[in-house]
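Peer 1: Each number in this note's numbering corresponds to the 1-based position in the sequence shown with 8 added.
Positions of the beta carbon are idealized from the N, C-alpha and C atoms, including for glycine.
Quick caveat: nothing in here was measured; it's all calculated off a predicted structure.
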Amino acid sequence: MRDTSNPNDKLDPRRWMALVILLTGAFLPPLDFFIVNVALPSIRADFRASASTMQLIISGYATTYAVMLITGGRLGDLYGRRNVFLAGMVGFAAASALCGFAWSPAALIVGRFLQGFAAAIMAPQALASINAIFPDHEKSKALGFYALTFGVASMVGLFLGGALIALDILDLGWRAIFLINLPVIAVAAPSAFITLRETRSQHPSKLDLGGALLIAIALFALIAPLIEGREQGWPIWLILMLATSLPFFLLFWRHEKHLESTGRDPILAPSLLQNRGLMRGLLAALFFYALAAFWLIFSVYQQGGLGRTPFEAGLAILPAAVGFVLGPFASERILSVFGRFSAGAGMVLQAAGLSGTAVLISNGLPRFLFVALFLIGAGQGIALPNLVRSIVQRVDRTQSGLASGLVNSMFQIGGALAAAIVGGLFFSILGSATDVQSIGLAYSVAAVAIAICLLIAGWLSVSLTSTKPLRP
Numbered sequence: 009m010r011d012t013s014n015p016n017d018k019l020d021p022r023r024w025m026a027l028v029i030l031l032t033g034a035f036l037p038p039l040d041f042f043i044v045n046v047a048l049p050s051i052r053a054d055f056r057a058s059a060s061t062m063q064l065i066i067s068g069y070a071t072t073y074a075v076m077l078i079t080g081g082r083l084g085d086l087y088g089r090r091n092v093f094l095a096g097m098v099g100f101a102a103a104s105a106l107c108g109f110a111w112s113p114a115a116l117i118v119g120r121f122l123q124g125f126a127a128a129i130m131a132p133q134a135l136a137s138i139n140a141i142f143p144d145h146e147k148s149k150a151l152g153f154y155a156l157t158f159g160v161a162s163m164v165g166l167f168l169g170g171a172l173i174a175l176d177i178l179d180l181g182w183r184a185i186f187l188i189n190l191p192v193i194a195v196a197a198p199s200a201f202i203t204l205r206e207t208r209s210q211h212p213s214k215l216d217l218g219g220a221l222l223i224a225i226a227l228f229a230l231i232a233p234l235i236e237g238r239e240q241g242w243p244i245w246l247i248l249m250l251a252t253s254l255p256f257f258l259l260f261w262r263h264e265k266h267l268e269s270t271g272r273d274p275i276l277a278p279s280l281l282q283n284r285g286l287m288r289g290l291l292a293a294l295f296f297y298a299l300a301a302f303w304l305i306f307s308v309y310q311q312g313g314l315g316r317t318p319f320e321a322g323l324a325i326l327p328a329a330v331g332f333v334l335g336p337f338a339s340e341r342i343l344s345v346f347g348r349f350s351a352g353a354g355m356v357l358q359a360a361g362l363s364g365t366a367v368l369i370s371n372g373l374p375r376f377l378f379v380a381l382f383l384i385g386a387g388q389g390i391a392l393p394n395l396v397r398s399i400v401q402r403v404d405r406t407q408s409g410l411a412s413g414l415v416n417s418m419f420q421i422g423g424a425l426a427a428a429i430v431g432g433l434f435f436s437i438l439g440s441a442t443d444v445q446s447i448g449l450a451y452s453v454a455a456v457a458i459a460i461c462l463l464i465a466g467w468l469s470v471s472l473t474s475t476k477p478l479r480p
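See the structure below:
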């Protein structure tokens with residue numbers, strides 16, 4: 009199976025223009041995760057919805073997105089990354105319109121599930137296409153912009169949601185947070201058709217539908233309870249669902265081994281995971297995204313402990329946003345100094361920043377948090393592109409989409425695990441207390457737990473240097 013994105017092909021002169029479009033596709037999924045959090049009170053008041061309905065609006069999107077990422081990445085490898093990217097973008101626009109014009113909570117929940125599905129089809133093509141169209145000497149810079157996109161999306165989501173609701177454009181209220189996607193995609197989709205070079209196998213095989221279904225069920229059985237468990241009080245049905253995830257993973261693995269042994273094309277070839285260092289890199293990605301729990305506990309501390317509004321809490325993380333922006337620009341210089349240890353260096357910075365926030369908050373010194381928050385953001389901006397590159401370069405270019413889906417899926421699973429475990433630790437320590445000292449103590453313990461996860465991820469990423477990648 010030969011990929012049209014052969015590294016010996018002539019460089020695409022439009023690759024930097026294409027990067028802007030690809031980053032738009034990478035920007036929208038995390039944006040729509042963060043932006044909705046700010047709008048939940050308005051949505052609840054408008055629909056008079058229950059707390060469980062509000063949770064479904066968040067978790068429905070996050071779960072579907074995480075479950076379908078591997079399949080979405082594989083679709084791009086088989087049927088063309090530009091084609092699948094465009095299909096996902098158009099689907100995301102349609103789902104956003106359904107959310108924006110939703111006439112009931114049920115319609116909004118359906119729209120959010122569809123948004124998550126379309127996002128999982130669109131997002132992996134961005135990373136896979138970057139890997140395919142950029143030569144190795146430019147890839148570090150392109151991945152730096154990719155990392156920057158994630159940071160900017162999370163920050164913009166927190167600010168834009170509050171701003172759009174406050175402005176109440178055309179009396180749309182919270183609906184504007186979904187409808188704003190439409191003009192963005194109206195520009196991005198035609199531009200993608202014009203500027204993106206198609207990269208795919210010249211002889212695509214059939215999609216492994218059985219494997220796609222089994223991995224989707226297994227991931228759903230794992231992630232849905234982790235997202236819903238604490239909110240629901242861990243009812244028995246969620247515990248049973250979580251327990252069934254292991255048998256489904258085993259069934260998926262047996263199915264994939266059978267397909268590969270009979271000469272057919274599994275969605276995830278077991279032999280792929282034998283690539284040196286790939287499993288270790290994916291495990292590093294799992295621990296790395298424990299940082300997702302930081303935004304939850306820091307927001308609770310800001311709003312519950314310090315009594316700040318959601319918009320003020322968003323302003324409080326501006327130092328991290330600045331770090332996110334500057335970190336990727338320093339990534340190439342860091343790479344030239346630390347080499348393959350660069351991802352680990354970024355994670356050490358993050359761990360130092362998190363530990364710094366724990367010390368400052370536990371000692372009642374929140375006004376000095378800006379330095380520690382900057383370190384968290386800068387470390388994220390440095391670590392993310394270097395970690396992603398070290399993982400993706402361990403697979404053949406023909407499987408870039410699958411590798412992208414695997415990495416993003418590990419990020420989402422890591423985030424869900426962190427939210428469940430670290431979030432559970434935070435709320436267990438906090439109990440029913442509402443004073444700033446108790447919230448500060450719970451935050452500090454949880455922040456140190458996240459820092460430990462990042463140090464583990466850093467150690468795993470450093471250990472990757474002992475294994476030779478498939479591509480330099």
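Does the separation of the CB atoms of Gln-358 and Leu-299 fall below 9 Å?
Peer 2: yes
Peer 1: Could you tell me which of Ser-417, Glu-264, Arg-397, Leu-294 sits nearest to Ser-148, measuring between CA atoms?
Peer 2: Arg-397
Peer 1: So, are the CB atoms of Val-206 and Gly-88 less than 9 Å apart?
Peer 2: Note that residue 206 corresponds to Glu in the displayed sequence, not to Val. Contact flag set, yes.
Peer 1: Quick check on DSSP: helix, strand or coil for Ile-460?
Peer 2: It is helical.
Peer 1: Apart from the five residues on each side of it in sequence, which residues of its chain come closer than 6 Å, Cβ to Cβ, to Leu-48?
Peer 2: The beta carbon of Leu-48 is closer than 6 Å to those of Met-62 in its chain, skipping five residues each way along the sequence.
Peer 1: Helix, strand or coil for Val-75 per DSSP?
Peer 2: helix
Peer 1: Is Phe-55 close to chain C? Criterion is C-beta to C-beta, closer than 9 Å.
Peer 2: Protein chains in the displayed structure number just one, and chain C is not present.
Peer 1: To which residues of the same chain is Gly-124 closer than 6 Å at the C-beta, ignoring the five residues directly before and after it?
Peer 2: Tyr-69, Thr-72, Tyr-73
Peer 1: Contact between the segment 254-262 and the segment 221-229 is defined here as three or more beta-carbon pairs at a separation below 8 Å; is this criterion met?
Peer 2: yes
Peer 1: For Ser-269, does the count of other Cβ atoms within 10 angstroms reach 16, so buried, or fall short, so exposed?
Peer 2: A residue is called buried once 16 or more other Cβ atoms fall within 10 Å of its Cβ, and Ser-269, having fewer, is exposed.
Peer 1: In terms of residues, what are the limits of the alpha helix (DSSP H) holding Ser-104?
Peer 2: Bounds of the alpha helix (DSSP H) holding Ser-104 are 89-108.
Peer 1: Just to confirm my understanding: we take Ala-220, look at its own chain, exclude 5 residues before and 5 after, and list those with CB closer than 7 Å. What are they?
Peer 2: Thr-79, Ile-275
Peer 1: Which residue wins for smallest C-alpha separation from Leu-180, given the options Phe-109, Ala-131, Ser-137?
Peer 2: Phe-109
Peer 1: Rounded to whole angstroms, what is the Cα-Cα separation between Thr-252 and Pro-38?
Peer 2: 29 Å
Peer 1: Whose CA, out of Trp-467, Ala-459, Ala-411, Gly-331, lies closest to the CA of Pro-132?
Peer 2: Ala-411
Peer 1: Alpha helix (DSSP H) containing Pro-393: first to last residue?
Peer 2: 377-400
Peer 1: Around the Cβ of Ala-174, are there at least 16 other Cβ atoms within 10 angstroms (buried) or fewer (exposed)?
Peer 2: Its Cβ having fewer than 16 others within 10 Å, Ala-174 is exposed.
Peer 1: Since I believe Ala-126 is in contact with Gly-99 (beta carbons under 8 Å), could you give me their beta-carbon distance rounded to a whole number of angstroms?
Peer 2: 4 Å
Peer 1: Would the segment 365-372 and the segment 441-451 be scored as touching if the rule is three or more Cβ pairs under 8 Å?
Peer 2: yes
Peer 1: Roughly how many angstroms lie between the CA atoms of Arg-23 and Gln-388, to the nearest whole one?
Peer 2: 25 Å
Peer 1: Can you give me the Cβ contacts of Ile-429 inside the same chain, cut-off strictly under 7 Å, excluding the 5 residues immediately before and after it?
Peer 2: none
Peer 1: Between which two residues does the alpha helix (DSSP H) containing Pro-132 stretch?
Peer 2: 113-141
Peer 1: Does the Cβ of Ala-441 have 16 or more other Cβ atoms within 10 Å, making it buried, or fewer, making it exposed?
Peer 2: exposed
Peer 1: Residues in its own chain within less than 7 Å of Phe-419 by CB, not counting five upstream and five downstream?
Peer 2: Ala-293, Tyr-297
Peer 1: Span of the alpha helix (DSSP H) holding Ala-441?
Peer 2: That residue, Ala-441, is in no alpha helix (DSSP H); it is neither H nor E in DSSP.
Peer 1: Is Ala-34 buried or exposed, if buried means 16 or more other CB atoms sit within 10 Å of its CB?
Peer 2: With 16 or more other Cβ atoms within 10 Å, it is buried.
Peer 1: So what's Thr-61 in DSSP terms, helix, strand or just coil?
Peer 2: helix
Peer 1: Answer yes or no: do Thr-157 and Met-25 have a C-beta to C-beta separation smaller than 9 Å?
Peer 2: no
Peer 1: Asp-179 by DSSP, collapsed to three states: which one?
Peer 2: helix
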